[in-house]
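Some notes on the structure that comes next.
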Amino acid sequence: MRRFFIFLTTFLLLFGATSFANEAVLIDFSQLAADFPADNPTENARTMIDFSAQAGTSFSDAERALMRTSLALNNWEVRLAPSARRIMNQSLTMAREVPVLETARRFPGDRVLGVRVNFPNEPFNSWASIRPPFEIPAYMRRATIDDQGNIIEDETDRHGSRFVDGFGVVKNVGILRTVSMTMYGSNFPHGIEIVLRDHNNRDQVIFMDYMQFEGWRTLTWRNPNYISDVRQRALRPTPLYPRASPHVKLIGLNIRKDAMQEGGDVIAYIRDISITFDRAVNEFQRDIDEEAVWGIMTAREEARRTHEFRRLGTIQVLRYLESQLMHPDM
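Residue numbers (our numbering): 472 to 801.
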């Protein structure tokens, strides 16, 4: 009997020390290949957003159709630091959808995010910011796309889960334990960072490593402040309802150049980013459907979703108007 209690105690301690962390793919760039429209794919159907509702009444239906955009890899943007943003350097700095060869030993046939950064040759510190075409929304509903490109939202998706499951958002995230990134290196000595944002709009910049390696590698950051022993944690009960489920989302990546490093081109390929974390809220089966009674969470998330959409829509409409001023051959 004594041995049994010793074994049980040891098991509970080990379980308590290791059972916190959950794992999820934050973003899988191989899922962001262009797949719409079928005859000439330029957008990613799963992540397509129509911003034309934020435009005025003077636009035609054809013009409104051009105000749709998505997280398709060719839509991602790379901007140099202001001190390095010269016309030639910025024009040679870009993101592309890049296929992995079918003969590759890892990820054959996948599409990954390829980045080219052209730094000035002068010896000074600099950086380049890799960002999606719009800030990834955390509260937008799932949707389907018809043949004409109309976006039909799923009204039953009460939690706004269009961008979860590897499209930039992870819900119910408490404390981050690790962040991992799979990328293909070409022996550049520059550093790479990941920028995350939580539900309180607080950004966290995580330095992953230097890109001085060749081939595929998984870079991992481990939270130095993570407490794995449950006995050392500050324990306190929290209300179960109505409490918003915290989340993290990808804001982008940074490539950093030291003054001692050469300028010119830097090439990198990123396939995915994943995280391990503690859940913020335990998902118990409750005896009362409180959300059906009060509707508090639905109202809050609808307000956040509307705010996100208005802000992103205004930026997208301005970009469309600017594109109409450009030369048609561009």
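Idealized CB from N, CA, C, for every residue including glycine. What you are looking at is a predicted structure, and each value in this text was computed from that prediction instead of being measured.
Using the C-alpha atoms, what's the distance from residue j back to residue i?
{"i": "glycine 580", "j": "glutamine 561", "result": "30 Å"}
{"i": "asparagine 515", "j": "leucine 544", "result": "8 Å"}
{"i": "valine 586", "j": "valine 569", "result": "9 Å"}
{"i": "alanine 614", "j": "methionine 652", "result": "28 Å"}
{"i": "glutamate 773", "j": "glutamate 624", "result": "13 Å"}
{"i": "arginine 775", "j": "arginine 577", "result": "40 Å"}
{"i": "proline 717", "j": "proline 799", "result": "44 Å"}
{"i": "leucine 789", "j": "methionine 797", "result": "13 Å"}
{"i": "aspartate 758", "j": "alanine 770", "result": "22 Å"}
{"i": "glutamate 548", "j": "arginine 602", "result": "5 Å"}
{"i": "asparagine 696", "j": "histidine 778", "result": "33 Å"}
{"i": "alanine 505", "j": "isoleucine 616", "result": "14 Å"}
{"i": "glutamate 685", "j": "arginine 612", "result": "40 Å"}
{"i": "glycine 723", "j": "isoleucine 607", "result": "10 Å"}
{"i": "aspartate 521", "j": "valine 666", "result": "25 Å"}
Could you give the DSSP three-state label for residue i: helix, strand or coil?
{"i": "phenylalanine 486", "result": "At phenylalanine 486, the pLDDT of 42 sits below 50, so the modelled position is not reliable; the number obtained from the coordinates is stated separately. DSSP places phenylalanine 486 in helix when its eight states are reduced to three."}
{"i": "aspartate 532", "result": "helix"}
{"i": "tryptophan 765", "result": "helix"}
{"i": "asparagine 725", "result": "strand"}
{"i": "glutamine 675", "result": "strand"}
{"i": "glutamate 593", "result": "coil"}
Less than 8 Å between the CB atoms is what I'm expecting for residue i and residue j, so what's the real figure, rounded?
{"i": "alanine 605", "j": "leucine 497", "result": "First, the residue type needs correcting, since residue 605 is phenylalanine and not alanine in the sequence shown. Actually they are not in contact, since the Cβ atoms of phenylalanine 605 and leucine 497 sit about 17 Å apart, beyond 8 Å."}
{"i": "phenylalanine 530", "j": "arginine 742", "result": "So it is not a contact: roughly 38 Å between Cβ atoms."}
{"i": "aspartate 736", "j": "asparagine 589", "result": "5 Å"}
Strictly by DSSP, which residues pair up with residue i?
{"i": "glutamate 624", "result": "Ala614"}
{"i": "proline 570", "result": "Arg582"}
{"i": "histidine 718", "result": "Lys642"}
{"i": "tryptophan 598", "result": "Arg727"}
{"i": "glycine 734", "result": "In DSSP, glycine 734 forms no bridge with anything."}
{"i": "serine 651", "result": "Thr691 and Ser745"}
{"i": "valine 666", "result": "Val676 and Gly723"}
Any beta carbon of chain B sitting closer than 9 Å to that of residue i?
{"i": "tyrosine 712", "result": "Although the question refers to chain B, the structure presented lacks it and comprises just one protein chain."}
Cβ pair count under 8 Å reaching 3, the region 722–733 against the region 583–602: Yes, they touch.
At least three beta-carbon pairs within less than 8 Å, the region 662–674 to the region 625–633: Not touching, per the Cβ criterion.
Does the region 760–768 touch the region 655–671, meaning 3 or more C-beta pairs lie closer than 8 Å? Short answer: they don't touch.
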